[in-house]
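Chemist: Shown below is the structure under consideration.
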Amino acid sequence: MYSTPITRLRPTAFIIAIDRSGSMAEPITFNGERMAKSEAVALVANNLIDELINRARREEGVADYYDLAVVGYSGDGVELLLDAGEGFVKPSQLIVRDVPCRKLIRERRLPDGRAVMAVTEHNMWIAPKAAGITPMYDALRRVVTLTENWCRRNTNRTSYPPTVFHITDGEASDCDESQIRDIASRIRNKGTEDGHTLLFNIHLGASDDETRQHVIFPSSPEELPDRKYARLLYDISSALPQRYEPLVAEMKTAAVQPPFRGMGYNASIADLVAMMNIGSVTSSLI
Amino acid sequence: MRMPSISEYLHTLEHPFGMFRTLGEPVAERDVYGKIKFRAGNSSAVFRLSDGRRNFMLKCYIRPKPRLRTIYDYVERNGSPLLPRQKIRPDEIYVYSDSGEAGWYDVVIGDWVEGNTLDRELLRALTEGNRERLSELSEKFDRLCSALLREEWAHGDLKPENIVVTPDGNMTLIDCDALFIPALAGENAEEIGTPGYQHPARGIHHYDKHIDDYPMALLSVGLKLLSLDPSFFDPQRDPGSLPFAPEELLTDKPPAWDAACRTFAEAGAITHRRLLELLRSPDPSLENLERFFAPGKESAEAPLHAFERNGRWGFADPTGKTIVEPLWDDVLDFHEEIAAVRIDHCWHYIDRRGELLFESSGYEAAGSFRNGTAKVRKNGETRWIDRQGNEQPAPEPNK
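From first to last, the protein sequence lines stand for chains E and V.
Going by the working numbering, the first sequence opens with residue 1, and the numbers climb by one from there.
Going by the working numbering, the second sequence opens with residue 1, and the numbers climb by one from there.
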């Protein structure tokens with residue numbers, strides 16, 4: 001289980017579901033820079049997409065080792081942010097697009113101590129947005145459809161199952177807890193012969209307040225703060241297969257025992273980066 | 001600190017000033033769009049750089065590799081004609097992470113190997129229907145195996161993508177991260193190669209000089225089969241272009257098995273026919289693989305006699321030294337320096353080195369050579385052939 005090599009003929013799938021509700025306009029500090037949560041999340045998601053494309057680069061060009069989809073949800077509804085049609089795009093389709101580029105200018109210290117202003121360019125595959133309510137249920141229903149359609153394709157029958165990253169900073173405004181549990185269960189029940197879809201739920205902290213307890217990749221409910229929503233996220237997130245365990249164990253400072261849940265509560269943007277890096281470890285199966 | 005991503009290495013290479021400990025400000029090769037060119041692997045990205053005097057390879061890692069220094073120190077000290085010159089540069093490149101941390105990381109630098117990887121050469125030859133090229137690739141690969149079996153080390157991740165066919169026609173191995181070296185004997189492997197080229201039972205405890213045995217045999221069989229009959233190529237198969245996947249070979253009836261056996265039998269490809277059988281072994285280590293890739297032995301002047309081992313036939317000299325490996329299903333004694341030998345249902349003729357005398361699709365029956373001709377049966381008809389396999393009139397009966 002969770003061991004099928006990822007090849008051009010047996011790609012895997014990554015789906016990113018992003019909360020773009022109004023609360024995502026709240027400022028947060030990322031990499032020393034103050035920005036809206038929506039901007040930081042867009043940056044992280046765009047960096048992940050870039051990295052997945054980079055990892056697929058071979059001598060002869062970019063290999064289609066994955067199908068990628070991004071679902072955004074806001075007061076304007078649920079949108080497919082990479083492809084409005086089927087939802088999934090391949091790396092070879094992305095690299096021929098004209099994509100806007102964002103330049104980030106940061107002060108950095110060179111190894112010899114000198115300070116320089118470093119400019120890095122980042123492809124903006126998706127744009128940040130923060131508007132209105134949180135139709136999380138509708139968005140996750142779209143994710144169900146995406147995973148179901150992907151898993152049903154004969155060519156994907158034996159592939160490594162899809163990985164879903166769900167990034168939010170709050171609770172749904174279009175459903176209750178039981179509906180969230182149900183829809184998340186439906187996502188996790190989709191899969192291939194190599195295993196079920198892996199659902200990561202990452203809740204972003206409300207502020208930079210480091211006194212608030214943040215939890216990532218818990219191995220038991222006892223690690224969670226006494227919050228109903230934290231428990232909900234724990235329950236609806238996938239237990240991670242063995243191949244993720246060494247990476248999770250390495251990032252957690254306390255002695256911990258697997259299995260770990262693919263969830264974060266009150267996560268920082270740096271936590272988000274780390275979690276998505278670990279969640280995309282499947283690219284080592286290429 | 002976590003290893004950098006490829007994107008983070010690219011940021012350093014875009015602005016190399018002050019970011020390398022010993023390499024100065026190397027310039028990365030770019031594509032027509034001005035983007036830095038690189039090739040990604042499972043755990044690294046390889047760039048082609050220039051320091052103003054020469055081009056060289058820079059390999060940056062995205063996953064931790066605890067044995068990197070040990071392995072590349074060995075490669076640098078010992079060298080091999082099968083490997084490009086390369087060395088590790090500890091703490092050479094300074095990289096900033098997207099989350100603001102920064103640190104020094106090891107890299108490997110080395111000669112840039114010109115040429116295409118074997119998978120690309122193979123695909124091109126198959127697409128063009130270039131059988132001569134396919135034969136050439138098959139022969140060169142078998143020579144590579146012969147050389148590799150003589151080394152003290154093993155590659156660990158042998159596959160077409162890690163073999164470069166250089167412009168002079170030789171084959172060079174790249175990506176040494178999974179190397180077994182004598183100093184690591186008794187330890188577990190950190191990685192087990194690429195599925196699709198490894199025995200399904202290969203585990204981390206399989207870590208010795210024999211870890212290349214299985215992929216060598218698999219690739220040798222696959223390349224030979226494709227050179228004999230390119231119709232075995234199926235572009236819908238994973239991985240690469242090989243006709244067999246390791247898991248399939250362990251089933252009761254691997255797909256295309258009968259066709260492959262028949263192709264080898266008709267071509268007299270005894271080595272590859274036996275290697276194909278060996279690939280069905282439940283054990284990743286294939287015993288005595290070197291006998292399949294040994295160059296043709298010098299034949300003794302003394303008469304060779306047939307001998308049988310484990311149900312297979314070969315030839316030895318009067319001292320008992322094996323001259324022709326016992327791989328054949330049946331043999332006739334040498335006459336006029338030629339012996340008839342059988343593989344499955346096909347008879348062929350070999351010389352004293354065990355080499356096929358001439359190409360043919362095999363005979364249903366074959367007799368020994370007398371006075372330069374031999375009696376054979378083909379398609380139900382009896383014929384006489386000469387030492388070149390050309391049909392001859394039947395000899396006059398002895399009076």
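Note that beta-carbon positions come from the ideal geometry of N, C-alpha and C, so glycine has one too.
Helix, strand or coil for E/Gly113, going by three-state DSSP, please let me know.
Modeler: The count along the first sequence starts at 1 and reaches residue 113 of chain E at position 113. Coil at E/Gly113, not helix or strand.
Chemist: Let me know if E/Ala115 comes out buried or exposed under the rule of 16 or more other beta-carbons within 10 Å of its beta-carbon.
Modeler: Locating residue 115 of chain E in the first sequence gives position 115, where the first residue counts as 1. E/Ala115 is exposed by the Cβ-count criterion.
Chemist: At a Cβ threshold of 9 angstroms, is V/Asp98 touching chain E?
Modeler: Residue numbering aside, residue 98 of chain V sits at position 98 when the second sequence is read from its first letter. Output row for V/Asp98: interface = yes.
Chemist: With burial defined as no fewer than 16 other Cβ atoms inside 10 Å of the residue's Cβ, what is the status of V/Gln198: buried or exposed?
Modeler: Counting from one through the second sequence, the residue named residue 198 of chain V turns up at place 198. By the neighbour-count rule (16 or more Cβ atoms within 10 Å), V/Gln198 is buried.
Chemist: Quick one: residues in its chain with C-beta nearer than 6 angstroms to the C-beta of E/Leu104, no 5 flanking neighbours on either side, listed in chain order?
Modeler: For the purposes of this step, residue 104 of chain E is taken as the residue at position 104 of the first sequence. Once the five neighbours on either side are set aside, the close Cβ partners of E/Leu104 are Thr120.
Chemist: Taking CB distances under 9 angstroms as the criterion, tell me whether V/Gly18 reaches chain E.
Modeler: Indexing the second sequence from 1 puts residue 18 of chain V at position 18. Yes, contact with chain E.
Chemist: How would you list, in chain order, the residues of chain V whose beta-carbon sits under 7 angstroms from the beta-carbon of E/Leu110?
Modeler: As a first step, residue 110 of chain E must be located in the first sequence, where it is residue number 110. Going along chain V in sequence order, the residues near E/Leu110 (Cβ under 7 angstroms) are Gly18.
Chemist: Rank E/Asn277, E/Asp138, E/Leu9 by C-alpha distance to the C-alpha of E/Asp182 and give the top, closest one.
Modeler: Translated into positions along the first sequence, residue 182 of chain E becomes position 182. When each option's Cα is compared against that of E/Asp182, the closest is E/Asp138.
Chemist: Tell me the DSSP secondary structure of V/Trp257 in three-state form.
Modeler: Along the second sequence, one-based indexing puts residue 257 of chain V at 257. Correct three-state label for V/Trp257: helix.
Chemist: Using the rule of at least 16 other Cβ atoms within 10 Å of the residue's Cβ for burial, across every protein chain shown, is V/Ile350 buried or exposed?
Modeler: Here residue 350 of chain V is taken as the residue at index 350 of the second sequence, counted from 1. That one is buried.
Chemist: Taking Cβ-Cβ distances shorter than 7 angstroms, what residues in chain V pair up with E/Val273?
Modeler: Locating residue 273 of chain E in the first sequence gives position 273, where the first residue counts as 1. In chain order: Asp98, Ser99.
Chemist: E/Ala267 and E/Gly205 look like a contact to me (Cβ under 8 angstroms); what is the Cβ gap, rounded to whole Å?
Modeler: Against the first sequence, residue 267 of chain E aligns to sequence position 267. Against the first sequence, residue 205 of chain E aligns to sequence position 205. With a Cβ gap of about 6 angstroms, E/Ala267 and E/Gly205 count as contacting.
Chemist: Kindly provide the ranges of any beta strand (DSSP E) runs that are 3 or more residues long and lie completely inside the segment 114 to 189 of chain V, ordered along the chain.
Modeler: Here the runs fully enclosed are 163 to 165, 171 to 173.
Chemist: Tell me, please, whether the CB atom of E/Ala270 is closer than 9 angstroms to any CB atom in chain V?
Modeler: Translated into positions along the first sequence, residue 270 of chain E becomes position 270. It does: the Cβ of E/Ala270 has a partner Cβ on chain V nearer than 9 angstroms.
Chemist: What whole-angstrom Cβ distance do E/Lys37 and E/Ile49 have, given they're in contact under 8 angstroms?
Modeler: For the purposes of this step, residue 37 of chain E is taken as the residue at position 37 of the first sequence. For the purposes of this step, residue 49 of chain E is taken as the residue at position 49 of the first sequence. With a Cβ gap of about 18 angstroms, E/Lys37 and E/Ile49 do not count as contacting.
Chemist: Look at the alpha carbon of E/Ser219 and the alpha carbon of E/Cys175, and state the distance between them as a whole number of angstroms.
Modeler: One-based indexing of the first sequence puts residue 219 of chain E at position 219. One-based indexing of the first sequence puts residue 175 of chain E at position 175. Approximately 27 angstroms between the Cα atoms of the pair.
Chemist: Within the continuous alpha helix (DSSP H) that includes E/Met263, where are the two ends?
Modeler: Numbered from its first residue, the first sequence carries residue 263 of chain E at position 263. Note, E/Met263: premise wrong, no alpha helix (DSSP H); beta strand (DSSP E) at 263 to 267.
Chemist: Does the pairing of the segment 274 to 282 of chain V with the segment 210 to 219 of chain V give three or more beta-carbon distances under 8 angstroms?
Modeler: Output reads yes: the segment 210 to 219 of chain V touches the segment 274 to 282 of chain V.
Chemist: Would you mind listing the alpha helix (DSSP H) stretches within the segment 267 to 334 of chain V that are 4+ residues and don't spill past its ends, in chain order?
Modeler: The qualifying runs are 270 to 278, 290 to 293.
Chemist: Pull out every residue of the segment 365 to 392 of chain V whose Cβ sits closer than 9 angstroms to any Cβ of chain E, in chain order.
Modeler: Those residues of the segment 365 to 392 of chain V that come within reach of chain E (Cβ to Cβ, closer than 9 angstroms) do not exist; the list is empty.
Chemist: Using 9 angstroms as the limit for Cβ to Cβ distance, is V/His11 near chain E?
Modeler: If you number the second sequence from 1, residue 11 of chain V lands on position 11. Output row for V/His11: interface = yes.
Chemist: In chain V, what lies closer than 7 angstroms to E/Glu59 by C-beta?
Modeler: As a working mapping, residue 59 of chain E is identified with position 59 in the first sequence. Those within 7 angstroms of E/Glu59 in chain V are Arg39, Thr117, Arg120.
Chemist: Tell me, please, whether the segment 158 to 167 of chain E touches the segment 12 to 21 of chain E by the rule of three or more beta-carbon pairs shorter than 8 angstroms.
Modeler: Yes: the two stretches touch, three or more of their Cβ pairs being nearer than 8 angstroms.
Chemist: Decide if E/Ala56 is buried, meaning its Cβ has at least 16 other Cβ atoms within 10 Å, or exposed.
Modeler: One-based indexing of the first sequence puts residue 56 of chain E at position 56. The residue is buried, with at least 16 neighbouring Cβ atoms inside 10 Å.
Chemist: Just to confirm the assignment, what range does the alpha helix (DSSP H) spanning E/Ile53 have?
Modeler: As a first step, residue 53 of chain E must be located in the first sequence, where it is residue number 53. Here the alpha helix (DSSP H) through E/Ile53 covers 37 to 55.
Chemist: Does the Cβ-Cβ distance between V/Val113 and V/Val164 come in under 9 angstroms?
Modeler: Position 113 of the second sequence, counting from 1, holds the residue named residue 113 of chain V. Position 164 of the second sequence, counting from 1, holds the residue named residue 164 of chain V. A contact, by the Cβ cut-off of 9 angstroms.
Chemist: Name, please, each residue of chain E whose Cβ falls closer than 7 angstroms to the Cβ of V/Ser5.
Modeler: Here residue 5 of chain V refers to the residue found at position 5 of the second sequence. Ordered by position in chain E, the residues that pass the 7 angstroms Cβ test against V/Ser5 are Glu51.
Chemist: Using C-beta distances below 6 angstroms, list every residue in its chain close to V/Asp344, excluding the 5 sequence neighbours before and after it, in chain order.
Modeler: Here residue 344 of chain V is taken as the residue at index 344 of the second sequence, counted from 1. For V/Asp344, where only same-chain residues beyond five positions count, the Cβ hits under 6 angstroms are Ala265.
Chemist: Please tell me whether E/Gly32 has its Cβ less than 9 angstroms away from any Cβ of chain V.
Modeler: Here residue 32 of chain E is taken as the residue at index 32 of the first sequence, counted from 1. It does: the Cβ of E/Gly32 has a partner Cβ on chain V nearer than 9 angstroms.
Chemist: Just list the residues that DSSP pairs E/Val62 with in beta bridges.
Modeler: For the purposes of this step, residue 62 of chain E is taken as the residue at position 62 of the first sequence. E/Val62 pairs with E/Arg57.
Chemist: Return no unless some Cβ of chain B is closer than 9 angstroms to the Cβ of V/Arg2.
Modeler: Although the question refers to chain B, the structure presented lacks it and instead comprises the protein chains E and V.
Chemist: Between the C-alpha atoms of V/Cys346 and E/Asn154, what's the straight-line distance to the nearest angstrom?
Modeler: As a first step, residue 346 of chain V must be located in the second sequence, where it is residue number 346. As a first step, residue 154 of chain E must be located in the first sequence, where it is residue number 154. For V/Cys346 and E/Asn154, the distance between alpha carbons rounds to 41 angstroms.
Chemist: Measuring straight from C-alpha to C-alpha, what distance separates E/Thr158 and V/Glu161?
Modeler: Taking the first residue of the first sequence as position 1, residue 158 of chain E is located at position 158. Taking the first residue of the second sequence as position 1, residue 161 of chain V is located at position 161. Those two C-alpha atoms are separated by around 24 angstroms.
Chemist: Are the C-beta of E/Pro5 and some C-beta of chain V separated by less than 9 angstroms?
Modeler: As a working note, residue 5 of chain E is residue 5 in the first sequence. Output row for E/Pro5: interface = yes.
Chemist: Should E/Pro241 and E/Met24 be called a contact, given that it needs their Cβ atoms to be closer than 9 angstroms?
Modeler: Residue numbering aside, residue 241 of chain E sits at position 241 when the first sequence is read from its first letter. Residue numbering aside, residue 24 of chain E sits at position 24 when the first sequence is read from its first letter. Taking 9 angstroms as the Cβ cut-off, E/Pro241 and E/Met24 do not qualify as a contacting pair.
Chemist: In the DSSP assignment, what are the bridge partners of E/Glu79?
Modeler: By 1-based counting over the first sequence, the position of residue 79 of chain E is 79. E/Gly72, per the DSSP bridge assignment.
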